[in-house]
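Below is one structure, written out as structure tokens; the observations come after it.
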Amino acid sequence: MHLFARIICILHIFGVCTATGADRSDLYDPPALYLTWQGDPAHTMTVCWQTVGDTPPAVYYRPLKSPGTWLQMEGVNKPFKGTRLTVHITELKGLSPSTDYEFCFRPGDREFKFRTAPADLSEPVRFISGGDVYHERKWMDAMNAMAAKFDPLFVVIGGDLAYSGDKDKPEKIERWGDYFDSWKNKAVTPDGRLVPLLVSIGNHEVSGSWHQVPEKAPSFYTLFPMPGSQGYNSLDFGRYLTILLLDSSHTHPVEGAQTDWLRHTLASRRDVLNIFPVYHIPAYPSIRSDETGDNADITKSIRTNWCPLFDKYGVKIAFENHDHAYKRTHPIQGNKLNPDGVTYLGDGAWGVNLRTPDPKKPRWYVAQSSPTRHFYLVTLHPKMRHIVAINEDQQVFDEVYQSVAQDRH
Ligand SMILES: [Fe+2]
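Be aware that the sequence shown starts at 12, since it is given in our numbering, and climbs by one per residue.
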């Protein structure tokens, strides 16, 4: 974008001057553009973007290899409170699996690309998991760019995205602008595809941090149609992968309705090869106490309500966050070490200041922990899953191999 246009755009977004109409380059090459899924990832894609003013939420799209005529889809729009932005959310349906598409917001303007998910595991599927993203822009930019280099099908972030919220302080809403600017411009694969983003909620998305209601996280619920207003949800990739986006008592309690939903969701997916819960506060933290402090009650509730369901229904990996360190637990079942149990991977250190585990207080469940910014690269094969931890120097420093065939019984 031309420098003058960019300055005008920023002034309009944050209300520094009177909006007299949207800048056209901003309208069709929006400053925030991100993809997610609300439905079958092999046949849909949800395009989210933001503009200044209320404009028609139309996306033009077509297959990259056989372009033909542009198809057009309209969605919904809603105000992004606290800014002059409108959030547009358009779900494209009827797409083909494992297919690259191009899209734009007006034929002739800038075009973007995405890829739908495969219908099955005939080829390996790769995705990335992490959390706790934006303390400093340089860390966020570097990790977003590095993640995209690995050409993942998607990235899932387990809470604490933009750090716009901090306990009861007013939301720093401009941090969402940085967050999405980085995501749009850095999270691009080597062949130019935007990487779909899945999220679960963390304490820095919520005024009051935990034990709140969805109305205390208005930006999160405006910006992300998935997990949606329920606050927790599942996303099914055929019968080879289910991602569970859970709310660790930020706007929905762990216990009660969410646990009932989790039980039903897991029970109806006994034949799914890989199920990965992703949530913010750890059941097995590497830094914070699991006995006292702000989050100890939530940690205990997850151990009481969710972990037995993970054990019962054959979950083998759970992604946790919030503690700003690297962590891999020993396999755990029934809150005891058991080689057939769940390995808990965390602890949320995408782009944040790091915390160091206390060597004088070793934890019975921790196999490895360190103050390391990182994400997990997960590769799924028909009979095996391979997970590597990658640090900010792009080095693999830990890994987990698991046989899939023996899991789901
Ligand atoms: Fe957190």
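Every residue gets a Cβ at the ideal spot worked out from N, C-alpha and C, and that includes glycine.
Whole-angstrom distance between residue j and residue i, CA atom to CA atom
i: residue 38; j: residue 148; result: Low confidence applies to residue 38: its pLDDT is 49, below 50, so where it sits in the model is not reliable enough to give any reading.
i: residue 118; j: residue 131; result: 33 angstroms
i: residue 360; j: residue 167; result: 13 angstroms
i: residue 76; j: residue 111; result: 8 angstroms
i: residue 33; j: residue 87; result: Here residue 33 scores only 41 on pLDDT, less than 50, and its place in the model should not be relied on; the value that follows carries that caveat. Straight-line Cα distance between these residues: approximately 19 angstroms.
i: residue 13; j: residue 40; result: In this prediction, residue 13 scores a pLDDT of 39, lower than 50, which makes its location untrustworthy; the coordinate-derived value is nonetheless stated afterwards. So the two alpha carbons sit approximately 12 angstroms from each other.
i: residue 152; j: residue 159; result: 11 angstroms
i: residue 215; j: residue 298; result: 18 angstroms
i: residue 243; j: residue 170; result: 12 angstroms
i: residue 105; j: residue 56; result: 9 angstroms
i: residue 249; j: residue 95; result: 39 angstroms
i: residue 53; j: residue 314; result: 33 angstroms
i: residue 49; j: residue 238; result: 8 angstroms
i: residue 355; j: residue 220; result: 23 angstroms
i: residue 193; j: residue 252; result: 28 angstroms
i: residue 184; j: residue 175; result: 6 angstroms
i: residue 4; j: residue 326; result: Outside the shown range of the chain, which is 12 to 420, sits residue 4, and nothing can be said about it.
i: residue 303; j: residue 204; result: 45 angstroms
i: residue 402; j: residue 80; result: 43 angstroms
i: residue 398; j: residue 328; result: 10 angstroms
i: residue 331; j: residue 90; result: 31 angstroms
i: residue 400; j: residue 124; result: 28 angstroms
i: residue 405; j: residue 263; result: 36 angstroms
i: residue 267; j: residue 284; result: 27 angstroms
i: residue 93; j: residue 224; result: 19 angstroms
i: residue 374; j: residue 383; result: 18 angstroms
i: residue 341; j: residue 70; result: 46 angstroms
Near ligand 1: residue i beta-carbon under 7 angstroms from a heavy atom
i: residue 261; result: no
i: residue 143; result: yes
i: residue 171; result: yes
i: residue 333; result: yes
i: residue 213; result: yes
i: residue 291; result: yes
Pick from the options that is closest to residue i, judged by C-alpha positions
i: residue 369; options: 230, 405, 296; result: 296
i: residue 190; options: 222, 231, 125; result: 231
i: residue 186; options: 108, 173, 98; result: 173
i: residue 351; options: 357, 358, 343; result: 343
i: residue 240; options: 250, 247, 227; result: 227
i: residue 178; options: 163, 217, 382; result: 217
i: residue 386; options: 374, 375, 409; result: 409
i: residue 78; options: 255, 401, 254, 115; result: 115
i: residue 146; options: 405, 362, 279, 394; result: 362
i: residue 108; options: 133, 316, 123; result: 133
i: residue 197; options: 284, 155, 405; result: 155
i: residue 320; options: 275, 58, 404, 234; result: 275
i: residue 358; options: 213, 51, 279; result: 213
i: residue 233; options: 407, 71, 97; result: 97
i: residue 141; options: 122, 209, 270, 286; result: 209
i: residue 254; options: 286, 269, 271, 407; result: 286
i: residue 45; options: 199, 316, 279, 269; result: 199
Beta carbon of residue i nearer than 8 angstroms to that of residue j
i: residue 68; j: residue 101; result: yes
i: residue 135; j: residue 392; result: yes
i: residue 126; j: residue 389; result: no
i: residue 333; j: residue 143; result: yes
i: residue 211; j: residue 257; result: yes
i: residue 379; j: residue 396; result: no
i: residue 281; j: residue 324; result: yes
i: residue 150; j: residue 99; result: no
i: residue 338; j: residue 289; result: no
i: residue 207; j: residue 162; result: no
i: residue 43; j: residue 195; result: yes
i: residue 236; j: residue 47; result: yes
i: residue 394; j: residue 411; result: no
i: residue 312; j: residue 265; result: yes
i: residue 309; j: residue 381; result: no
i: residue 306; j: residue 335; result: no
i: residue 128; j: residue 164; result: yes
i: residue 318; j: residue 346; result: yes
Residues that DSSP places opposite residue i in a beta bridge
i: residue 212; result: None; residue 212 has no bridge partner.
i: residue 130; result: Its beta-bridge partners do not exist; DSSP assigns none.
i: residue 357; result: 338
i: residue 73; result: 113
i: residue 88; result: 99
i: residue 292; result: Answer is none; residue 292 lacks a bridge partner.
i: residue 398; result: 389, 411
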